[in-house]
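Chemist: Please see the structure below; I have some questions.
Residue numbers (the working numbering): 2 to 193.
Quick look at the structure:
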């Protein structure tokens with residue numbers, strides 16, 4: 002499906018070991034504790050590239066986590082990597098990307114939708130329980146529908162967009178793509 006631009010296997014394993022250790026000590030951070038999720042490569046994760054699907058941003062490495070990532074880490078999620086997207090989130094197919102087109106997991110000859118196509122494809126194939134995408138003009142809703150997953154686009158201002166490569170600062174939204182409504186609700190509670 003070409004869902005991922007970057008897989009952080011080492012970081013995910015370390016986070017999973019930390020979760021296991023916390024659980025053994027009786028620490029429970031709630032329903033997201035240990036949940037493996039991916040992040041659209043438009044959102045800054047400290048120490049990782051944020052390409053926005055473009056070679057123009059090669060060499061850009063985030064210095065700090067976006068607020069949504071801080072919230073996810075506090076909830077104990079395991080970040081598994083950064084997902085592919087339509088370049089600069091400016092399209093509905095996720096076919097125009099420097100990293101190769103994202104394919105629909107139900108029919109590889111079809112589009113996964115966009116611009117959060119990699120996020121939807123990763124969730125639909127079980128490469129994580131959820132993903133965090135962005136939506137300016139349908140970029141969570143379109144791939145969710147195309148890939149048969151749950152997508153939730155928030156209202157303006159409900160989820161912080163700092164640390165997210167902007168398409169339109171007044172219309173950008175950050176939200177979850179998940180396998181179930183319950184998972185979407187649990188993520189929503191953490192993101193807002």
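Backbone N, C-alpha and C fix where the C-beta goes; we use that ideal spot for every residue, glycine too.
I'd like to know if the stretch 111 to 130 and the stretch 142 to 151 are in contact, where contact means that at least 3 CB-CB pairs between them fall below 8 Å.
Modeler: Contact holds: three or more Cβ-Cβ distances are below 8 Å.
Chemist: Among the residues of its own chain, which have a CB less than 8 Å from the CB of residue 20, if the five just before and after it don't count?
Modeler: Cβ within range, chain order: 34, 35, 77, 79.
Chemist: Looking only at its chain, what residues have a beta carbon closer than 8 Å to the beta carbon of residue 66, apart from the 5 residues adjacent to it on each side?
Modeler: Closer than 8 Å at the Cβ level, and outside the excluded window around residue 66, lie 45, 46, 47, 74, 164.
Chemist: Could you check how far apart the C-beta atoms of residue 60 and residue 86 are, in whole angstroms? I think they sit under 8 Å.
Modeler: Actually they are not in contact, since the Cβ atoms of residue 60 and residue 86 sit about 18 Å apart, beyond 8 Å.
Chemist: Compare the C-beta of residue 165 with all C-beta atoms of chain C and state if any pair is closer than 8 Å.
Modeler: Here chain C cannot be found, since the structure has a single protein chain.
Chemist: Roughly how far, in whole angstroms, is the beta-carbon of residue 172 from the beta-carbon of residue 84, given that I think they are within contact range, below 8 Å?
Modeler: Residue 172 to residue 84, Cβ: 21 Å. No contact.
Chemist: Quick one: what's got a C-beta closer than 8 Å to residue 126's C-beta in the same chain, skipping five residues either side?
Modeler: Answer for residue 126: 2, 4, 106, listed in chain order.
Chemist: In or out: residue 31 buried (at least 16 other Cβ within 10 Å) or exposed?
Modeler: The residue in question, residue 31, is exposed, as its Cβ has fewer than 16 Cβ neighbours within 10 Å.
Chemist: In chain order, which continuous runs of the beta strand (DSSP E) of length 3 or greater are located wholly inside the stretch 40 to 86?
Modeler: Counting only runs of 3 or more, we get 79 to 84.
Chemist: Go through its chain and collect everything with a Cβ distance to residue 24's Cβ below 8 Å, but skip five positions before and after it.
Modeler: So the list reads 34, 35, once near-sequence residues are dropped.
Chemist: Can you give the Cα-Cα distance for residue 98 and residue 50, rounded to whole angstroms?
Modeler: Cα-Cα distance, rounded: 15 Å.
Chemist: Please name the residue or residues paired with residue 15 in a DSSP beta bridge.
Modeler: In DSSP, residue 15 forms no bridge with anything.
Chemist: Where residue 29 and residue 131 are concerned, what is the direct C-alpha to C-alpha distance, given to the nearest angstrom?
Modeler: Cα to Cα, the separation comes out at about 19 Å.
Chemist: Got a sec? Which residues, its chain only, sit under 6 Å from residue 68 by beta carbon, not counting five neighbours each side?
Modeler: The residues are 161, 163.
Chemist: Could you give the DSSP three-state label for residue 131: helix, strand or coil?
Modeler: Residue state, collapsed to three classes: strand.
Chemist: Am I right that residue 136 and residue 176 are in contact with their C-beta atoms under 8 Å? What's the rounded C-beta distance?
Modeler: About 6 Å; that satisfies the 8 Å criterion.
Chemist: Can you grab the Cα-Cα spacing for the pair residue 62 / residue 52, in whole Å?
Modeler: Taking the straight line joining both Cα atoms gives about 9 Å.
Chemist: Please classify residue 24: does DSSP put it in a helix, a strand, or coil?
Modeler: If DSSP states are grouped into helix, strand and coil, residue 24 belongs with the helices.
Chemist: Please return the same chain residues whose Cβ sits closer than 7 Å to the Cβ of residue 159, not counting the five positions on each side in sequence.
Modeler: Same-chain partners within the cutoff: 193.
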